[in-house]
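Heads up: the protein sequence lines correspond to chains A and B, in order. Take the first sequence: its position 335, counted from the start at 1, is 335 in our numbering, and no numbers get skipped. Take the second sequence: its position 212, counted from the start at 1, is 212 in our numbering, and no numbers get skipped. In this text, a Cβ means the ideal position worked out from N, Cα and C, and glycines have one as well. Structure first, then comments.
Number of protein chains: 2
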Amino acid sequence: MDIDWRRNNSLNNFFFNCPSCNLDSHVIVEDFLDKKLQKILNVKAEKLNHAINKGIIKFFQFHGTPALQFKKDVIKIEAGTVIYFKEKIEVIRGFPKIRRTLMLSPTLKNHFKDKIIAEEKMNGYNVRIALVGDEIVALTRRGYMCPYTTKKAVEIMDLEDFFNDNPDLVICGEMVGTDNPYVSHYYEEIGSLGFRIFDIRKKLSNDPLSIKDKQEILEKYGLPAVRVLGIYSVDEAPDKIKKEIKEIGKAGREGMVLKDPEMIIHPLKYTSSEAHADELKYAFTYPFDFGRDFLFSRVIREGFQAFENEENEKELQKRAHQLGESILYPMIDTIKNVDSGNPASEDMIIDIEKEEDTEAFMRHLHDLGVYAVLLKIKGKKAVVRRIHQSTTDKINNFLKGGLY
Amino acid sequence: MDIDWRRNNSLNNFFFNCPSCNLDSHVIVEDFLDKKLQKILNVKAEKLNHAINKGIIKFFQFHGTPALQFKKDVIKIEAGTVIYFKEKIEVIRGFPKIRRTLMLSPTLKNHFKDKIIAEEKMNGYNVRIALVGDEIVALTRRGYMCPYTTKKAVEIMDLEDFFNDNPDLVICGEMVGTDNPYVSHYYEEIGSLGFRIFDIRKKLSNDPLSIKDKQEILEKYGLPAVRVLGIYSVDEAPDKIKKEIKEIGKAGREGMVLKDPEMIIHPLKYTSSEAHADELKYAFTYPFDFGRDFLFSRVIREGFQAFENEENEKELQKRAHQLGESILYPMIDTIKNVDSGNPASEDMIIDIEKEEDTEAFMRHLHDLGVYAVLLKIKGKKAVVRRIHQSTTDKINNFLKGGLY
């Protein structure tokens, strides 16, 4: 919920801990932004003010606590960053964008030094779990607290000891599985819902623990880590990873994140051809919602991967045919489906305990601007239908004779 | 060449025919725009002024004549419109964008009445030929006078009688053939260079002649028209055109423009699957120059065409495989080529008579912002190499380890 933050008392209370003072709240907030927040974030006040005026930084209220959400990057502060004004200021930084390598060689050698640890990149959604006051919250990529994710995270994992001992750490991981309201993907070892942790980062600084420290702390608290696929020297990495990525693809899995053991150098991602195809299939099931944004970059990845693999005619042909089929087949299925009178929609299954869970999740989707309806509740599962309106409307228009 | 139009004497001379008057030229031009141009174009002066201030309408000089070029649509005045301030004002309107039908049925029946004339849409570049003063000029789509096109148009066709009798008509057609500096495509009946006329329009109003009037006038002056592929009732059109477009595709040709015989209803275009594939092949030979813009819309056309054709599994597969190959193969060839140290480039052949022809054309390309070098002159042919810089630079960057 957006609030009129310039007139918001709780914000003022927090800033000066002086509810009875009669200072103009506008001045107080401006003053706070100018003097305090710029020091905390190490971003100039004028940049913060500009971002607030442009709606890039939004004020909202979370369980009565005033808070800020960064919709886009503001200098070094990542999109998805959330700042809670509790007894102390809690800054949970956005998960940093991981850049992609198109060519393993020479990129890995240029980018890393000595060793590379390859962790599995799983196909789910990115979640940060952190303590806000005495509450554990799970944030999705853009910085929204998802009630379903929050509930399931603490169900799936025993997080209490971890956060009691480490209130200033943020758990970054992937929510995966089939009963997943954002990205449903079957993993044999996961089944309906699971969580895999890839990073432990510090609040405010966003500094990640080294791989070793991360592994130790996860082991200590019995928390689930993503798989390590290999540890390579920079010289052997391209060949090893070329082989590994084929295996990952064959197993219907996504790809890998390549990391400096010390986590000082930024990680890079590299994905399988099958993952590109799967993403295109999804995007072209809803072509007018996702097609345009997804298409070009996946095609480019395929081109460079094929080139680096020095694929023969047959391999190339297989890749090209898979590309064409991934684009065309789902689109035609959706056109047929819309032609039959159905909307372009996908059904998401969520685990529920009580009716309020579903309501909270539906409200959350609504807040995100997602058009979804509760289809049915069957025992402990709810089926939520997400309607892809742009695809539905555009296809209907063209079928009725609309011009392109 | 852009000129400081607010201080341009020839413009003032034209406006008031009074070279010795001492009025401030700024005032004169503003006055002209406010009072005269808005009446001529039937567009409010404030809209014209806004477009001038935004650089959407640009002043330039053509052979000493002041002129205006519309870079984008301004209300009803199309992008590509050029206005010459000669003894009289010559307004050559931009060629109207032709919209596309994705579904033949029910679109054709909704859009047209009674009859549809299907003319061939050829794969070349759109040219408008008109008289400016006593000079015949050929304009490309965006409203640039191309010296090569102008020279070849009057060589290929005997236009003098036509323009003597019809100084207020504009010939709209396609320059096609292999010796074509913009879009090279082989047509058996054309060979190296040819022109095919699809519309005759009126200066200023942009009103087209009816098909019958157009055919009569072209016949009278011995000017070459595009092929008529068929005349259909709106009821039979979808089936007939479905068959016809397959033949067109098999023959390696582009598609058709569907027209109201009276040219009162706007024409529509419809293209073959092979044309989509060919365009994608071209675009993905230079993926970072054209790939993104070309890709999505061609994919969408393929999807609806396949759906409307009710293609069986084998036909669908053929279409999907062709799509994938058209995207991936040329891209990989270009990556290989750039990896070998070559730029991503294409060679264009132009007919020349004397050195000045080549120089004028190279200057024209430079004015368009096209990076091209004269490779060689061999007899009456010049080979111009166009460098696609973005593709060359980006691929080089990724090959050297640049991140995506």
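Proximity of residue i and residue j at Cβ, strictly below 9 Å
i, j, result
"Lys242(A)", "Leu104(A)", "yes"
"Pro261(B)", "Ile117(B)", "yes"
"Ile349(B)", "Thr178(B)", "yes"
"Asn164(A)", "Ile217(A)", "no"
"Glu119(A)", "Arg227(A)", "yes"
"Phe290(B)", "Gly291(A)", "no"
"Tyr125(A)", "Leu368(A)", "no"
"Thr140(B)", "Tyr187(B)", "no"
"Val338(A)", "Thr358(A)", "no"
"Leu169(B)", "Leu209(B)", "yes"
"Arg196(B)", "Pro224(B)", "yes"
"Gly80(B)", "Arg142(B)", "yes"
"Leu323(A)", "Glu302(A)", "yes"
"Asn110(A)", "Lys76(A)", "no"
"Phe62(B)", "Val154(B)", "no"
"Pro330(A)", "Lys281(A)", "yes"
"Thr285(B)", "Glu346(B)", "yes"
"Leu204(A)", "Ile40(A)", "yes"
"Phe59(B)", "Ala51(B)", "no"
9 Å Cβ cut-off: residues of chain A touching residue i
i, result
"Tyr404(B)", "Arg99, Arg100, Thr101, Leu102, Ser297, Ile300, Arg301 and Phe304"
"Phe398(B)", "Thr101, Leu102, Met103, Thr107, Ile300 and Phe304"
Residue i: contacting residues in chain A (beta-carbon distance under 7 Å)
i, result
"Met331(B)", "Gly303"
"Lys240(B)", "Those within 7 Å of Lys240(B) in chain A number zero; the least Cβ separation is about 18 Å."
"Arg319(B)", "Leu328"
Range of the contiguous beta strand (DSSP E) that encloses residue i
i, result
"Val257(B)", "Gly255 to Lys259"
"Lys269(A)", "Leu268 to Thr271"
"Asn126(B)", "Tyr125 to Val132"
"Lys58(B)", "Ile57 to Phe62"
"Thr392(A)", "Taken as a continuous stretch (DSSP letters only), Thr392(A) belongs to no beta strand (DSSP E), being part of the alpha helix (DSSP H) at Gln389 to Leu399."
"Met175(A)", "Leu169 to Val176"
"Phe198(A)", "Gly194 to Lys202"
"Ile116(B)", "Lys115 to Lys121"
Under 7 Å from the C-beta of residue i: neighbouring residues of chain B
i, result
"Asn110(A)", "Gly401"
"Leu68(A)", "Ordered by position in chain B, no residue passes the 7 Å Cβ test against Leu68(A), which lies about 30 Å from the chain."
"Ile327(A)", "Val299 and Leu323"
"Arg292(A)", "Phe296"
Within chain A, the residues that residue i reaches when beta carbons sit closer than 8 Å
i, result
"Gln322(B)", "Gly324"
"Phe95(B)", "In chain order: nothing, as chain A lies at least about 17 Å away."
"Ile335(B)", "Gly303, Phe304 and Phe307"
Which residues DSSP lists as bridging residue i, in chain order
i, result
"Tyr84(A)", "Ala67(A) and Glu90(A)"
"Val74(B)", "Ile77(B)"
"Val384(B)", "Met348(B) and Leu374(B)"
"Glu135(B)", "Val132(B)"
"Arg142(A)", "Looking at the DSSP assignment, Arg142(A) forms no beta bridge with any residue, so it has no partner."
"Pro208(A)", "Arg201(A)"
"Leu403(A)", "Thr101(B)"
9 Å Cβ cut-off: residues of chain B touching residue i
i, result
"Pro287(A)", "Phe296, Val299, Ile300 and Gly303"
"Leu268(A)", "Leu403"
Contact list for residue i against chain B, beta-carbon separation under 8 Å
i, result
"Leu229(A)", "Ordered by position in chain B, no residue passes the 8 Å Cβ test against Leu229(A), which lies about 21 Å from the chain."
"Leu316(A)", "Leu328, Tyr329 and Ile332"
Run of the alpha helix (DSSP H) containing residue i, from where it starts to where it stops
i, result
"Thr107(A)", "Thr107 to His111"
"Thr150(A)", "Pro147 to Ile156"
"Leu218(B)", "Ile211 to Tyr221"
"Ile231(A)", "Segment Val228 to Ser233 is the beta strand (DSSP E) holding Ile231(A); no alpha helix (DSSP H) there."
"Ala45(A)", "Ala45 to Asn53"
"Ile40(A)", "Gln38 to Leu41"
"Phe163(B)", "Glu160 to Asp165"
For a minimum of 3 consecutive residues, which ranges assigned as the beta strand (DSSP E) are wholly contained in the segment 235-321 of chain A? 255-259 and 268-271
Please go through the segment 312-369 of chain B and give each complete alpha helix (DSSP H) segment of 4 or more residues, from N-terminal end onward. 313-339 and 355-367
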